[in-house]
Each structure stands twice: as structure tokens, then as C-alpha cells.
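A.B. asks: Residue numbers (this note's numbering), protein chains in the order written: chain A, 5 to 158; chain B, -14 to 220.
Would you mind keeping the following structure in view while I ask a few things?
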Amino acid sequence: MSKFKKKSGKGQPPVSTASLPDIVFMLLFFFMVTTVMRDADMKVKISKPQASEIEKLTNKALVDYIFIGPPTDARYGSLPKIQLGDVFADVNDIGTFIEDNRSNRDEQEVPLITTSMKVDKGTKMKIVTDVKQELRKVQALKLNYSTHERARTK
Amino acid sequence: MSRRSRENEEINAGSMADIAFLLLIFFLVTTTMDQDTGILRLLPPPLDVTVTPPPVKEKNVYEVLVNANDQLLVEDNFMDIADLKNGAIEFFTNPSNSDNLPERRKVTKAICQENLANAKSVLAATGSFEAKQSVKKWEDKLSAVELLGDYMELPGSAIVSLQNDNGTSYDMYIQVQNELQSAINQLRDELSLEKFGVRYGELDGLKDGDKAKIKAIRAVFPQRISEAEPKNTGN
């Protein structure tokens, strides 16, 4: 008992905060490395459907995105539109879009490119089918229907 | 004078932590960790109009139609989406040996070896591309039999055919794709659990041992979901 009494008499030394900046810097570097800044400015509203049998797209560098949904800006109407990169586009532009993305990459990587379609769940299939037909024409056959995850139903 | 005497005064580093915190919070907020997930599909290559498709037996096709009101017509009957998975499983397994469903043939080691020998002799005689493919086909089947034992094989033309209307909603389309995929995944999982003790999804395609297992399971339950050429079937 006497041992404890002696210590308490001296008072607790303050915890050294000298290493706090180091810890924070470590976290900082981690987030700096993992951060991917969003590159496309969303011009369409997309609420993705849910599915259970999903797979992850591993290599982000090899994915092209096609967005389809109603425009966020009401001036463009409420019918679903296609967005490629930063701009609105027409179905006929998809071929050029895919070709441009191909020429920006290494030849060896071209067969590995996946096209990811982010489509609003309220969209009618007509526009989606048209896009798919265009993709087939330019031989961009690897396709991903982007969805949220949900539990598998029995 | 008194100031000059203290020349080596250290810079106060106390605010360093605050600066770092500020940056940290900025990156925390801008970080998007979400990984893109979805249903992966391979589109069919563009149709060659000069080639007429080979005839397929009606019983080998599981026809799924979705109309503009998001209703399902499966094999000419109305169906609820909740039943689609079991319907597809029944199509792939044909448990009652029904005449209206694909007839599954038994693949045994003896059959594989016999056909492989035949194919090899044809290849030696002709050296044609078809013969080479035939040898490869039977080699694959043989390795599947060695891993799984005798199994029932679906006919090559057995296929799920999905057709939607222009007015079908995208959500419904994804749900149908999901149910069909779910059926295949469940069959594969069950087979894998029975034979290897792990689920199909847990097999690692990068490991040599697992690669053969995945191939064998795919031989029994191939992923055959085809999308028919689009047609405007209604408003």
C-alpha cells in the first residue's frame, strides 16, 4: 500500500504529445495515397438498382463509364440522357468515345477494358438497348451493370 | 541584449499537429472508398447477317420475356419474379427428367478417354482446326471427371434466352438478370460445397489447384444467359 501512496504523492507526469504530429502525418499520407478525386462532374441523377450477384471491378484504370439518367438541371428536361465523361452525348457518340479511350491506353490493355453502365433504375430499356447495340458494333463487349449490393433472397 | 543571447531558440512545433489535422480532415472528406460493383456480362459480338443460326430444340431454350409493364412471361406462362430463380434451377438440373427440359447426358471417364483417343487419331490424320478443338474439349471434360467424378452434362445448346421490351424498366431488367445469375451461382455453390468443401465463390482463380476446380464446375453448370436481338414487342 505504501508504494501506491508514494506515487500518488508525486502526481502524474503529463502524457507526451510530441509524437502526435507523427501519428497524424501517417494517417494523412494514408488518405493522400488512397484518395481518388472524382473526375466526372455528374450531370445526370442516378439512383442505382440493387442486386445480390455482384462482382467487384478491380482495376479502375481499365473502366470506362457511361451514365444514363434524368438530367440534374431541369432545363434539359426530365427524359433520361446519356453522359459520357463530362458532357451530354448522343447514342451515336458512343463509338467515338470508346475508340478515343482505347487510343489513350496501351494496346495490350485494350482487350481488358470494361465498360461500366451506371443507369438510373427508372430508365426505360430502349436507351440502354441502343447503347448496348452501339457497344457491340465497336466490339466493346465486356459490360458491367453498376448496382448497389443487397442480400441474396432465398 | 537579452534577446540576442538566446540565439538557438527552437521554432514552436506545437501547431504542426493542427496543420496536419486540417490536411487530414480535407483528405478524409474527399476520399471516395466506394468500389464499383455490378453484374458483369459479356455482350454477344455483332451479328453476321449472312449466317443463318443453327436450329435449336425448343426444350433446350428457357425463354424469359419481360414486357413494358415489367411482367414476366416464362416459357409461355406468367411468372412472378420470386419464382424465376427456382424455375431456372429446374431448367439447369431437370430433376424429374421431364421431356420439356434439356436432357442431361452422363459423362464418365471411359467415355472421355474413348472420345479423346478418337479425336487424337483424327487430329494425327488431318491436323485440322476442328480436330484440335475436339481434342481440347475432351481433355477438359476428362479433367472435370477426374475432379468431380461422373457428372451430368447439359447439351451444348441449352440456353436461357432473355428478351425485354423497349418499355421495360431498367430496375426490372437488372432484377431478372440477378435472379438468373443467382440460380447459376447457387447451383455452382452447392456442387462446389459437395465436392470440395468450399463455396464456388471462395475458390481463387489465381491458385493452380483452384483453377482446375473452377473449370470443372463451369463445365457442369455453364453460364449461358443470352440476350435475344432487341425487338419492339409492344408499347
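We put the beta carbon where it would ideally sit given N, CA and C, even for glycine.
No experiment lies behind these values; they were computed from the predicted model shown.
#1: Give me the chain B residues within the contact set of Ala55/A, using Cβ-Cβ distance strictly less than 7 Å, ordered along the chain.
#2: Note the first and the last residue of the continuous beta strand (DSSP E) segment covering Tyr193/A.
#3: In terms of alpha-carbon separation, which member of Leu13/B, Glu175/B, Ile169/B lies closest to Ile58/A?
#4: Could you tell me the alpha carbon to alpha carbon distance between Met(-14)/B and Pro18/A, rounded to whole angstroms?
#5: When you compare each of Asn62/B, Ser177/B, Gln98/B to Ala201/B by their alpha carbons, which one comes out closest?
#6: Do you know how far the Cα of Ile117/A is from the Cα of Arg109/A?
#7: Excluding the 5 residues flanking Arg106/A on each side, which residues of the same chain have their C-beta closer than 6 Å to its C-beta?
#8: I want to verify the contact list: residues of chain A whose CB lies under 8 Å from the CB of Ala5/B, in sequence order.
#9: Any beta-carbon of chain A closer than 8 Å to the one on Gly152/B?
#10: Consult DSSP for Asp68/A and reduce its assignment to one of helix, strand or coil.
#11: Would you list the residues sitting across from Asn148/A in a DSSP beta bridge?
#12: Hey, is Tyr147/A's beta-carbon within less than 8 Å of any beta-carbon in chain B?
#13: Checking 8 Å against the spacing of the C-beta atoms, do Asp68/B and Thr153/B come in under that value?
#14: So with CB distances below 7 Å, who are the chain A contacts of Asn149/B?
#15: What do you reckon, are the CB atoms on Thr127/A and Pro84/A nearer than 8 Å?
#16: Can you give me the Cβ contacts of Ser82/A inside the same chain, cut-off strictly under 7 Å, excluding the 5 residues immediately before and after it?
#17: Would you call Ala2/B buried or exposed, if buried means 16 or more other Cβ atoms sit within 10 Å of its Cβ?
#18: Provide the residue(s) that pair with Asp91/B in DSSP beta bridges, ordered along the chain.
#19: Could you tell me which chain A residues have their CB closer than 8 Å to the CB of Phe12/B, listed as they occur along the chain?
#20: Where does Val145/B sit, in a helix, a strand or coil, going by DSSP?
C.D. replies: Let me lay it out:
#1: Per Cβ cutoff of 7 Å: Ile24, Ile159, Asn163.
#2: In the structure as shown, chain A begins at 5 and stops at 158. Residue 193/A is therefore absent and cannot be evaluated.
#3: Comparing Cα positions, the closest option is Ile169/B.
#4: Note that Met(-14)/B scores a pLDDT of 47, beneath 50, so its modelled location is shaky; the value from the coordinates is reported in the next line. Each residue's Cα considered, the two are about 34 Å apart.
#5: Ranked by Cα distance from Ala201/B, the options Asn62/B, Ser177/B, Gln98/B are led by Ser177/B.
#6: Here the alpha carbon of Arg109/A sits roughly 9 Å from the alpha carbon of Ile117/A.
#7: Counting only Cβ-Cβ distances below 6 Å, and skipping sequence neighbours, we find Val114.
#8: Correct list: Pro25, Val28, Phe29, Leu32.
#9: At least one chain A Cβ lies under 8 Å of Gly152/B.
#10: Residue state, collapsed to three classes: strand.
#11: Beta-bridge partners of Asn148/A (DSSP): Ser120/A, Leu25/B.
#12: Note on identity: in this sequence residue 147/A is Leu, with Tyr being the wrong assignment. Closer than 8 Å to some Cβ of chain B, the Cβ of Leu147/A qualifies, so yes.
#13: For Asp68/B and Thr153/B, no; Cβs fall outside 8 Å.
#14: Neighbours of Asn149/B on chain A, chain order: Met129.
#15: Contact check for Thr127/A against Pro84/A passes: the beta carbons are separated by less than 8 Å.
#16: Within the same chain, Ser82/A has close Cβ partners Pro74.
#17: Buried, by the Cβ-count rule.
#18: According to the sequence provided, residue 91/B is Lys. The question's Asp does not apply to it. Beta-bridge pairing links Lys91/B to Met137/B.
#19: Under the 8 Å cutoff, chain A gives Leu32, Phe35, Met36, Thr39.
#20: Strand, per DSSP.
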